[in-house]
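My numbering numbers the first residue of the sequence shown as -8 and each following residue consecutively.
Ideal Cβ placement from N, Cα and C applies to all residues, glycine included.
See structure below.
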Amino acid sequence: MGYGYFRITKLMEMLDTVLITLLIVAICIVLLGVKVFFVKNGKFPNGHVSGNKAMRDKGIGCAQSQDREARRKPRFSIDELEKTLNDSMN
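This is the structure:
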């Protein structure tokens, strides 16, 4: 009989902890989304480096975007490769 009481007590404590945690998470979501939820046409601010005008003016971009652009460009064109090979053979 005593064992069942302790099990119910532990279950109630765990339920209290879960409910308090859910309440805290819900409050955090509401506070983080105040602009989105309560301002007409509100949206989250752009946190990306390329979204910052001052960074763009200085020519600073996102590392991922710069890497993607560098991978897209071929290192040498065919003409440059042929010229390099011809120069090395002569």
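| Asked | Found |
| --- | --- |
| DSSP state of C53 mapped onto helix, strand, coil | coil |
| Alpha-carbon spacing of A45 relative to I51, whole angstroms | 9 Å |
| K34, DSSP secondary structure in three states | coil |
| Inter-residue CB distance, V40 and C53 (contact presumed, cutoff 8 Å) | 4 Å |
| Same chain only: Cβ atoms within 6 Å of N77, ignoring 5 sequence neighbours per side | none |
| Length of the line joining the Cα atoms of G38 and L23 | 14 Å |
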